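Take 1 as the starting number for the sequence shown in UniProt numbering and just add one per residue. Just so it is clear, CB atoms sit at the ideal spot from N, CA and C, and this is done for glycine as well. Just so it is clear, the structure is predicted and the values come from calculations on it, not from any experiment. Shown next, in structure tokens, is the structure this report addresses.
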Amino acid sequence: MAPTFLILNGKKASEPTIRDAVTQLRDEGINLQVRVTWELGDCHRFITEAIAAHCSTLIIGGGDGSLNEAVNSVMQFSEDQRPPLAVLPLGTANDFATSAGVPQQPEAALRLALTATAHPIDLACVNQQHYFINMATGGFGTRITTETPEKLKSALGGASYFLHGLLRMDRLKPDSCTITSEQWQWQGDALVIAVGNGRIAGGGQRLCPAALINDQQLALTIITAQEILPSLLHALTSEDENPNIINQRASEFILTSEHTMTFNLDGEPYSGTRFHFNVLGEAIRFRLPSPCPLLG
């Protein structure tokens with residue numbers, strides 16, 4: 001039987017619920033190989049090992065950042081070598097897993113990873129070199145997620161981003177930029193920019209509520225700088241339409257700015273003055289629950 005590999009974030013390796021879940025599955029005869037990351041480069045090394053072992057599934061135990069690292073590693077291999085992926089949600093926010101409906105409990109998540117259908121899904125790419133599975137966010141939201149203290153994240157989880165954002169309203173500053181697609185263009189001051197393959201980011205905020213991961217489209221949401229404070233609070237807490245929120249869909253977007261901007265790619269910061277976002281249809285396979293809200 002081909003092995004299943006669980007690549008586990010080293011910060012979570014000692015949690016009893018994870019150890020108990022792995023032990024239970026092994027007792028049932030599952031060939032589950034566990035690898036624990038310690039330093040930069042471990043994830044890619046373990047993925048290389050898993051692919052060489054012809055693993056049946058590659059489970060990523062961690063948050064959105066761990067999943068992002070794994071996706072960028074897997075994309076270095078040819079399409080026929082890429083194993084199906086799955087996620088064991090262990091991060092602060094687990095935005096992708098939450099929006100996909102993956103259980104938060106370790107044993108339930110692992111059982112899903114072992115039994116669920118491997119669906120072909122899209123990935124997004126930035127400047128032909130950086131991949132992300134969920135969302136790229138720029139503007140005030142990115143500054144908040146990168147600045148939120150680790151102790152606050154540990155204590156409050158995803159809610160910590162919202163609380164820290166409220167505390168830093170004094171630093172609210174929009175980004176001036178131009179965004180274009182094949183048939184659309186916008187120029188102005190943006191408070192928050194979200195390019196979504198998935199739907200939620202920043203600890204549970206539904207920034208791209210209509211996004212799907214198998215439609216070969218990206219969802220773009222811009223919260224403009226008019227009525228700055230009301231717009232931000234309205235966008236984060238209300239389902240109603242807001243005239244200061246722009247929504248678009250396309251297979252690619254190009255953003256340019258005269259000043260350096262930073263986007264958060266599933267937890268990984270990436271800075272520049274020009275960002276070319278495009279979608280790669282059916283780039284990987286992912287084991288997801290049925291039904292899954294992110295599948296069209």
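Asked	Found
For the candidate residues Pro16, Ser99 and Gln33, whose alpha-carbon lies nearest to that of Gly204?	Ser99
Since Thr256 contacts Arg274 with CB under 8 Å, what's their CB separation in whole angstroms?	5 Å
Start and end of the beta strand (DSSP E) containing Ala86?	Leu85 to Pro89
For Phe77, does the three-state DSSP call read helix, strand or coil?	coil
Going by alpha carbons, who is nearest to Gln282 out of Ser66, Thr4, Pro84 and His54?	One point to set straight first is that residue 282 is Glu, not Gln, in the sequence displayed. Glu282 has its Cα closest to that of Pro84, out of Ser66, Thr4, Pro84 and His54.
Name the one or two DSSP bridge partners that Asn9 has.	Bridge partners of Asn9: none, in fact.
Return the CA-CA distance between Leu123 and Phe263, expressed in angstroms with no decimal places.	16 Å
Under three-state DSSP, which class holds Leu218?	strand
For Cys292, which residues of its own chain have a beta-carbon under 8 Å away from its beta-carbon, when the five flanking residues on both sides are left out?	Ala100, Gly101 and His119
To which residues does DSSP link Cys125 through a beta bridge?	Tyr131 and Asn278
What do you get for Phe77, buried or exposed, if any count of 16 or more other CB atoms within 10 angstroms of its CB means buried?	exposed
Given this structure, state the Cα-to-Cα distance separating Asn9 from Arg35, to the nearest angstrom.	9 Å
Kindly give me the distance between the Cβ atoms of Gly63 and Gly198, rounded to whole angstroms, as I take these residues to be in contact under 8 Å.	Gly63 to Gly198, Cβ: 14 Å. No contact.
Tell me where the beta strand (DSSP E) around Glu252 begins and ends.	Glu252 to Leu265
With DSSP as the reference, identify every bridge partner of Trp38, one or two as the case may be.	Per DSSP, none; premise fails for Trp38.
Strictly by DSSP, which residues pair up with Asp175?	Ala190
Can you round the beta-carbon distance between Ile60 and Ile7 to whole angstroms, since I take them to be within the 8 Å contact cut?	6 Å
Can you tell me where the beta strand (DSSP E) holding Leu207 begins and where it ends?	Leu207 -> no beta strand (DSSP E), and no H or E assigned at all.
Run through DSSP, which three-state label would Thr180 get?	strand
Less than 8 Å between the beta carbons of Leu212 and Ala194, yes or no?	no
DSSP three-state label for Thr117, please.	coil
What residue range does the beta strand (DSSP E) around Ile60 cover?	Thr57 to Gly62
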